[in-house]
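K.L.:
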Amino acid sequence: MVCGIQGIAPGAAVAEDAAMVCPFRGLQVFDEEHTRFFFGRSALAQHLIEQLRADRFLAVLGPSGSGKSSLVRAGVLPQIRNGVLPGSQHWPIVIFKPGARPLENLASRLLPFIAKGADPIQVRQSLLELLRKDERGLHSTVQIALAEASDTLRFLIVVDQFEEVFTLCDQPDSPLPFINNSLYAVDKKVL
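Following this line, the structure appears as structure tokens:
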């Protein structure tokens, strides 16, 4: 019907333009590709960016469904990728949900930055062992990933739905290595 109204032959490829895309996401998260439809949070996004300028750790807290993920993904990350902070357009960014196995999910997301030609299965297994045994594992892994980087390069890790570390982990002590690695890495200069 749209093709008929627009005078386009049925079956012809219809170019997606802003007029044809529904900007309402309902309860779905606004991601970076939805930035053009993300409104009303620019002051808060700017505040979070200023917090990142001053500190290496940032927690975005709020009630369930209040838009925390959308704020970070569609409000903050696009600005980071556009270089709002010195060198941030070059920062590697890892976004992940911890799920029931936060260390395994983190290792999988870090893999592209450290495997570089090596066997990814072996690298992932070695990384998992390191993260489980040593709270310095995440920090040292990021240092390796940034070894040839400039001083302004940082490694941004977004843990979306952090509460899953406490609510979904299937073993009582399984969140501890993830939390210890995170705390150690945040406390160090290079990350």
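The numbering used here runs 431 ahead of the 1-based position in the sequence shown. Glycine included, every Cβ here is placed at the ideal spot set by N, Cα and C.
1. Just curious, the alpha helix (DSSP H) that residue 527 is in, first and last residue?
2. Could you give the residue range of the beta strand (DSSP E) that holds residue 623?
3. Could you tell me if the beta carbon of residue 562 falls within a distance shorter than 6 Å of some heavy atom in the ligand SAM?
4. Since residue 534 and residue 559 are thought to touch, with beta carbons under 8 Å apart, how far apart are those beta carbons, to the nearest angstrom?
5. Under the three-state reduction of DSSP, which class applies to residue 460: helix, strand or coil?
6. Provide the residue span of the alpha helix (DSSP H) that contains residue 484, from first to last.
7. Determine, using beta carbons only, whether residue 569 and residue 616 come nearer to each other than 7 Å.
8. By how many angstroms is the C-alpha of residue 519 removed from the C-alpha of residue 585?
9. Are the CB atoms of residue 502 and residue 532 within a distance shorter than 7 Å?
10. Quick one: residues in its chain with C-beta nearer than 6 Å to the C-beta of residue 499, no 5 flanking neighbours on either side, listed in chain order?
11. Out of 539, 566, 574, which one is the CA nearest neighbour of residue 551?
P.N.:
In terms of the structure at hand:
1. Translated into the one-based positions of the sequence shown, residue 527 becomes position 96. Counting along the chain, residue 527 falls outside any alpha helix (DSSP H), though it belongs to the beta strand (DSSP E) covering 524-527.
2. A query on residue 623 cannot be resolved here, the shown segment of the chain reaching from 432 to 622 and no further.
3. Of the ligands one can find in the structure shown there are none, so the ligand SAM has no counterpart to examine.
4. Counting from one through the sequence shown, the residue named residue 534 turns up at place 103. Counting from one through the sequence shown, the residue named residue 559 turns up at place 128. At roughly 6 Å, the Cβ-Cβ gap stays under 8 Å, so residue 534 and residue 559 are in contact.
5. In the sequence shown, counting from the first residue as 1, residue 460 sits at position 29. Residue 460: coil per DSSP, three-state reduction.
6. As a working note, residue 484 is residue 53 in the sequence shown. Its alpha helix (DSSP H) spans residues 473-485.
7. By one-based count along the sequence shown, residue 569 stands at place 138. By one-based count along the sequence shown, residue 616 stands at place 185. Result yes, Cβ atoms of residue 569 and residue 616 sit closer than 7 Å.
8. The sequence position of residue 585 within the sequence shown is 154, counting from 1. The sequence position of residue 519 within the sequence shown is 88, counting from 1. Those two C-alpha atoms are separated by around 7 Å.
9. The count along the sequence shown starts at 1 and reaches residue 532 at position 101. The count along the sequence shown starts at 1 and reaches residue 502 at position 71. For residue 532 and residue 502, no; Cβs fall outside 7 Å.
10. Against the sequence shown, residue 499 aligns to sequence position 68. Closer than 6 Å at Cβ, skipping near neighbours: 491, 493.
11. The residue labelled residue 551 in the question sits at position 120 within the sequence shown. Out of 539, 566, 574, 539 has the C-alpha closest to the C-alpha of residue 551.
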